[in-house]
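Residue numbers (my numbering): 40 to 723.
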């Protein structure tokens, strides 16, 4: 174990974060300035034909706009089209450009728009909290565009700068362990043998072992949870056991959904907790513990309720009046109200947070003013393998905690790094290596990865019983990635679509857990989606691939499953390419209402009864692109419970890497192997 120079590490992180932000700003600027709005919508970066459903006051006195499809274009379906806008995204909202508008005119129009943060995403609408106060909200038909999110970077930069400037005397014992300047205190067998009064006695042996280990560890514990092994279930028991020790916990995750999932599962245990930030889903159990709702419903909320109601009334009157002088007067009144509101709300919030034994937040949300001067004993990070290391330092440095538990799976997808392929990043990478005396510092190396590399498996416990997949679906990932250690629980190991608790026919599909449509032979070629864009522009959208003939097989397979009785909402179609996703959405959304389509990256952490994976790549030169990333494929092949259907060209895919070759060979030997006839497929 070689100790890491902390200031040099922080300095290299700052440099890499700067490159990443520059790449994101450049991509976003390039996209919005050079692409037609329809292209942005197709790439999931914009939503069209919106109108304001309501305008009200949210936490911190922010104006909240609830947006829905404009009634003039919504028709019977009020659902938003497929898009990639998520909670926490920074967005611009402006009057919708008409197709013929020139770029210059469009830019002027966008400058008159407003920016904000997405606080809620539902099927029929999106809620945005505006950045600036007292701004004129655009009227008429609107469009929303994703912008670069520099808020998260600012917080990560603050933390890395703080780490860089710390004196050695300020380094906690946990910090020293995290940088290899001291070893983790060994966990003795007697500590592991201490009796535990389990809240949930049904936990399996590997889950109990992981919890005992995390309880006994003094500074750091890693819980490795492969797909379907009940990682969150394990964390809930760990949280309840730590609370029995009278410890105060800060629980974080990289996304709102990862945090909400924990809140939802803690609710039945009546834990005194508060959820910072805005919950991603409208689940009553989650909402009732969010700061947003607690500042309205708790005993302390009376202080702010009356003033919030007055502000809401002013918000409504602004929307009704068109008189400039009247609007200015209302804005003036609101400014005074907002000052008073913030003072009262801060007192209310501080009291609520201080009384909570468990505080939950996204990683960057843990650096907000709500936690200033708050102290915690333990930081728990869920989905730690999907978080940048700099993000993890936000709760670590904000909390003063001396113990860290990281839960995740480093064999699934890491955080997305946009600057990886840029020249600037490569140049920065070389400089970084010099600065840190050849330490391999990369932005995509997570804290989970680095701890495993630094301290070895002695700080890790792996969950080994999986409760999701049929054993045939589980077999390849277990052998190729998890040292053959995964065991399928009795309840799931042999379950098939034909055994679902509703009427299902027994067909060649519903009795097969694993199907492989092998399109080798050249009849199912991929294409690059740059037909309607100049090459230079298409490149900035990643030159996404699609495969029309493969999409036809997907449609046929879905039709066969639905004809056998499977409900469309129990089916997911995942693909690594946005171009294929757009093509499939056009073809299947209307025909099979309720079916779910998503990118592999977006489907991480999800599961469905049946999953169809469209691999897309099929070309004479056998190029597989980012399909060669085994962690991406691990995600794709571990989403289903009862039925996995792979569609791809074994000739192309099998040449991509050793892992892909092994996978193709496994499918040929173990799947129900099918060779599609092009004329039959197209005749469907």
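Positions of the beta carbon are idealized from the N, C-alpha and C atoms, including for glycine.
Between the CA atoms of residue j and residue i - distance to the nearest angstrom
i           : j           : result
residue 406 : residue 419 : 15 Å
residue 474 : residue 694 : Annotation note: pLDDT 37 at residue 474 (below 50); position unreliable, no value reported.
residue 53  : residue 689 : 42 Å
residue 329 : residue 315 : 6 Å
residue 359 : residue 77  : 32 Å
residue 481 : residue 188 : 21 Å
residue 273 : residue 399 : 17 Å
residue 238 : residue 632 : 40 Å
residue 318 : residue 132 : A caution first: residue 318 carries a pLDDT of 44, below 50, which makes its placement in the model too unreliable to give a value.
residue 128 : residue 103 : 15 Å
residue 236 : residue 287 : 19 Å
residue 613 : residue 135 : 31 Å
residue 202 : residue 51  : 12 Å
residue 717 : residue 687 : 14 Å
residue 679 : residue 45  : 42 Å
residue 514 : residue 384 : 54 Å
residue 538 : residue 600 : 14 Å
residue 65  : residue 57  : 12 Å
residue 354 : residue 166 : 16 Å
Residue i - partner residues in DSSP beta bridges
i           : result
residue 410 : DSSP lists no partner for residue 410.
residue 504 : 526
residue 329 : 314
residue 168 : 103 and 156
residue 86  : 183
residue 398 : 289 and 313
residue 130 : 155 and 185
Spatial neighbours of residue i in its chain, beta-carbon cut-off 7 Å, leaving aside the 5 residues before and after
i           : result
residue 226 : 252, 255 and 256
residue 504 : 243, 245, 268, 526 and 528
residue 714 : 557
residue 544 : 603 and 604
residue 487 : 261, 423, 424, 445, 447 and 449
Span of the alpha helix (DSSP H), counted from its first residue to its last, around residue i
i           : result
residue 487 : 486-494
residue 297 : 295-305
residue 266 : First-last for residue 266: undefined, no H or E at that position.
residue 200 : 189-204
residue 280 : 270-283
residue 254 : 244-255
residue 682 : It is not in any alpha helix (DSSP H) - residue 682 instead sits in the beta strand (DSSP E) that spans 679-687.
residue 432 : 428-438
residue 371 : 363-393
residue 707 : 697-709
Nonlocal neighbours in the same chain, by C-beta distance under 8 Å from residue i, ignoring five residues either side
i           : result
residue 644 : 296, 297 and 422
residue 533 : 509 and 510
residue 438 : 289, 405, 410, 413, 414, 415 and 418
residue 619 : 583, 584, 585, 586, 589, 590, 653 and 655
residue 197 : 406
Element boundaries [beta strand (DSSP E), containing residue i]
i           : result
residue 415 : Here residue 415 belongs to no beta strand (DSSP E), and DSSP marks it neither H nor E.
residue 447 : 442-447
residue 117 : Careful: residue 117 lies outside any beta strand (DSSP E) and carries neither H nor E.
residue 652 : 647-653
residue 288 : 288-292
residue 614 : 610-614
residue 603 : Per DSSP, residue 603 belongs to no beta strand (DSSP E) and is neither H nor E.
residue 556 : 553-557
Cβ neighbour criterion (16 or more within 10 Å) applied to residue i
i           : result
residue 249 : buried
residue 380 : buried
residue 378 : exposed
residue 542 : exposed
residue 126 : buried
residue 574 : No answer about residue 574 holds up, because its pLDDT of 39 lies below 50 and its placement is not dependable.
residue 175 : exposed
residue 313 : buried
residue 371 : exposed
residue 451 : buried
Close beta carbons around residue i, own chain, < 6 Å, minus the five adjacent residues each side
i           : result
residue 215 : 221
residue 661 : 691 and 694
residue 241 : none
residue 277 : 250 and 253
residue 123 : 83
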